[in-house]
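In case it helps, mature numbering (1 follows the signal peptide of the UniProt record, and there is no 0) puts the sequence shown at residues -27 to -1, 1 to 208.
See below for the structure under consideration.
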Amino acid sequence: MHHFRRWAIAALAALCATTLVTGPADAVPAVPTQLTASTDVTEVDAGQEVTITGWLTKDSPDGQVGVSGGHIVIHLCDGPGCTPWGTTDTITDATGHFTKRFAPSRTSLLYIQFAWPSTGPDLLPSSVVRPITVFQPISFGSQIARMADGQVRAYGGYGYPTQVPPPSAPVSRIEYSADGATWTPVHSVALAHFMYGYLFYSEYLVHPDPGYWRTVYDNRPTYARPVTTPAVYVA
């Protein structure tokens, strides 16, 4: 019995010596990445494309090196919180560079993000934000005439794409010129009446002098390009 006990203790000690519990291997830390990107233009008309070029790199003992096969996602965002109005993506080439063309639908922020690589070690995400101005196609016109009571009536409309409405009621500026060359602002009016897909305004002005009249839209520089109606002579 004593011999068996000594044998059992020795066998258990040998088993413990050969089955030491080891902790998990040290996790390899994720590698930081850097994303740079630029656009060929900062302003486009709706429907026109913008070209985004960039370079994705990662830290290495030899400095920054390109990341190949990196998934680049581009969101068209309404602000820092980024409710996306559209998304596109591309993949970096063997040197970490990428080029992507697409047509943004509205003035917004381009949130360009490295999402994940298709190959290689774990990499940390990186991103960059670039603003883009998209001018919407609008129709803008007015009619100006003198009424029987002597007042000048100016009225007109403003049409815009229904899928991209202006951020607030546009403002039209009514201008007068005695000679058709030097213009003076007379009145500003918000186009707040909606009908048949257009915003309308109608104003009566007390201005007895004959001369030239026109209306100008330029209060939303990031929504549409400025528009000036042809001058009209009112006796």
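No residue lacks a Cβ here, since even glycine has one placed at the ideal position from N, Cα and C.
Test item: CB-CB of residue i and residue j under 8 Å
{"i": "ASP132", "j": "ILE111", "result": "The amino acid at residue 132 is misidentified as Asp; the sequence shows Gly. Yes. Within cutoff."}
{"i": "THR188", "j": "ALA88", "result": "no"}
{"i": "GLN109", "j": "ALA165", "result": "no"}
{"i": "GLY123", "j": "TYR149", "result": "no"}
{"i": "VAL162", "j": "TYR171", "result": "no"}
{"i": "ILE25", "j": "GLY43", "result": "no"}
{"i": "PRO139", "j": "TYR196", "result": "yes"}
{"i": "THR157", "j": "THR15", "result": "no"}
{"i": "ASN192", "j": "PRO134", "result": "no"}
Straight-line gap, residue i to residue j (C-alpha atoms, nearest Å)
{"i": "GLU22", "j": "PHE75", "result": "5 Å"}
{"i": "PHE71", "j": "CYS55", "result": "23 Å"}
{"i": "MET120", "j": "SER145", "result": "21 Å"}
{"i": "SER99", "j": "GLN86", "result": "6 Å"}
{"i": "THR9", "j": "PRO194", "result": "28 Å"}
{"i": "SER78", "j": "VAL200", "result": "20 Å"}
{"i": "LEU97", "j": "GLY69", "result": "15 Å"}
{"i": "LEU29", "j": "SER81", "result": "23 Å"}
{"i": "GLY52", "j": "GLY36", "result": "34 Å"}
{"i": "PRO(-4)", "j": "SER11", "result": "At PRO(-4), the pLDDT of 46 sits below 50, so the modelled position is not reliable and the matter cannot be decided from this model."}
{"i": "VAL4", "j": "ASP13", "result": "30 Å"}
{"i": "THR202", "j": "SER141", "result": "21 Å"}
{"i": "LYS31", "j": "GLN136", "result": "40 Å"}
For residue i, three-class secondary structure by DSSP
{"i": "TYR169", "result": "coil"}
{"i": "THR12", "result": "strand"}
{"i": "ALA197", "result": "coil"}
{"i": "ARG79", "result": "coil"}
{"i": "GLU22", "result": "coil"}
{"i": "TRP156", "result": "coil"}
{"i": "ALA208", "result": "coil"}
{"i": "PHE(-24)", "result": "Because the pLDDT at PHE(-24) is just 34, under 50, the model does not fix this residue reliably, and the value given afterwards should be weighed accordingly. PHE(-24) falls in the helix class under three-state DSSP."}
Span of the beta strand (DSSP E), counted from its first residue to its last, around residue i
{"i": "TYR131", "result": "125 to 132"}
{"i": "HIS70", "result": "70 to 75"}
{"i": "PRO57", "result": "57 to 64"}
{"i": "PRO104", "result": "99 to 108"}
{"i": "GLY43", "result": "43 to 50"}
{"i": "SER145", "result": "144 to 150"}
{"i": "ILE117", "result": "112 to 119"}
Chain-order list of residues whose beta-carbon lies under 6 Å from that of residue i (same chain, five-residue window excluded)
{"i": "HIS180", "result": "VAL125"}
{"i": "GLY130", "result": "TYR171 and PHE173"}
{"i": "PHE113", "result": "TYR131, TYR190 and VAL200"}
{"i": "ALA208", "result": "PRO183"}
Cβ neighbours of residue i in the same chain (closer than 7 Å, five flanking residues each side left out)
{"i": "VAL46", "result": "THR60, ASP62, GLN86 and ALA88"}
{"i": "HIS160", "result": "ILE147, GLU176 and LEU178"}
{"i": "PRO57", "result": "HIS48, LEU49 and CYS50"}
{"i": "ASP66", "result": "SER41"}
{"i": "ARG198", "result": "PHE108"}
8 Å Cβ shell around residue i - same chain, five flanking residues per side excluded
{"i": "ALA204", "result": "SER150, GLY153, TYR185, TRP186 and ARG187"}
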